[in-house]
Ligand SMILES: [Zn+2]
């Protein structure tokens with residue numbers, strides 16, 4: 002979904018209401034993202050605000066079972082027409098900095114609303130997932146392993162200092178998102 006800023010400025014109200022409904026290419030997002038957005042020309046920039054919602058399929062980082070979670074994302078994105086910082090690289094090719102949350106309108110004046118929603122949904126997706134208050138806790142196999150370790154108190158404290166293998170899953174999650182984004 003694209004909007005030309007020049008067209009927006011030609012509207013008497015300089016604002017456009019959008020019924021957003023798009024399927025995003027994000028692994029954990031299993032339903033189209035729907036919501037209502039308001040795009041308005043303000044000064045020499047554009048303000049995009051509104052709310053979208055979707056459904057996520059996540060893996061609980063405690064019990065490792067998949068579960069569904071609804072996601073509501075508040076969108077409040079301001080884009081300026083002026084380039085105030087170096088933007089030669091695509092933001093996706095480098096680490097995000099706070100400048101990236103203050104985007105610049107592309108030179109051709111065409112805004113990709115899907116791109117903005119994509120970023121908002123990606124940022125709003127939980128980093129740590131727990132299926133809920135009913136979470137049964139770590140899987141049995143892991144409990145047995147922990148019990149074995151507790152035979153020696155030294156062994157137990159050693160394992161506590163190691164990086165939790167479930168955080169490794171997070172890395173995979175993020176790299177998958179990157180791949181989906183570039184395809
Ligand atoms: Zn769980």
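In the working numbering, the protein residues as written are 2 to 184. Note that beta-carbon positions come from the ideal geometry of N, C-alpha and C, so glycine has one too.
Spatial distance of residue i from residue j (CA atoms)
{"i": "residue 14", "j": "residue 140", "result": "57 Å"}
{"i": "residue 105", "j": "residue 138", "result": "45 Å"}
{"i": "residue 25", "j": "residue 7", "result": "26 Å"}
{"i": "residue 39", "j": "residue 16", "result": "7 Å"}
{"i": "residue 135", "j": "residue 68", "result": "12 Å"}
{"i": "residue 59", "j": "residue 28", "result": "9 Å"}
{"i": "residue 66", "j": "residue 120", "result": "26 Å"}
{"i": "residue 9", "j": "residue 122", "result": "24 Å"}
{"i": "residue 2", "j": "residue 127", "result": "25 Å"}
{"i": "residue 131", "j": "residue 57", "result": "13 Å"}
{"i": "residue 61", "j": "residue 133", "result": "9 Å"}
{"i": "residue 11", "j": "residue 109", "result": "16 Å"}
{"i": "residue 41", "j": "residue 107", "result": "16 Å"}
Any non-hydrogen atom of ligand 1 closer than 7 Å to residue i Cβ
{"i": "residue 16", "result": "no"}
{"i": "residue 29", "result": "no"}
{"i": "residue 128", "result": "no"}
Cross-strand partners of residue i (DSSP beta bridge)
{"i": "residue 16", "result": "41"}
{"i": "residue 80", "result": "47, 104"}
{"i": "residue 72", "result": "55"}
{"i": "residue 10", "result": "DSSP output for residue 10 lists no bridge partner at all."}
{"i": "residue 185", "result": "Outside the displayed span of the chain (2 to 184) sits residue 185, for which this structure offers no information."}
Proximity of residue i and residue j at Cβ, strictly below 8 Å
{"i": "residue 50", "j": "residue 19", "result": "no"}
{"i": "residue 118", "j": "residue 5", "result": "no"}
{"i": "residue 45", "j": "residue 81", "result": "yes"}
{"i": "residue 47", "j": "residue 74", "result": "no"}
When the options are compared against residue i, the one with the closest alpha-carbon
{"i": "residue 33", "options": "131, 71, 109", "result": "71"}
{"i": "residue 124", "options": "30, 11, 62", "result": "30"}
{"i": "residue 55", "options": "3, 37, 9", "result": "37"}
{"i": "residue 79", "options": "43, 12, 128", "result": "43"}
{"i": "residue 129", "options": "12, 107, 35, 63", "result": "63"}
{"i": "residue 115", "options": "12, 41, 35", "result": "35"}
Problem set entry | Nearest-residue set for ligand 2, Cβ under 5 Å from any heavy atom | Absence of ligand 2 from the depicted structure is noted, with ligand 1 being the only ligands included.
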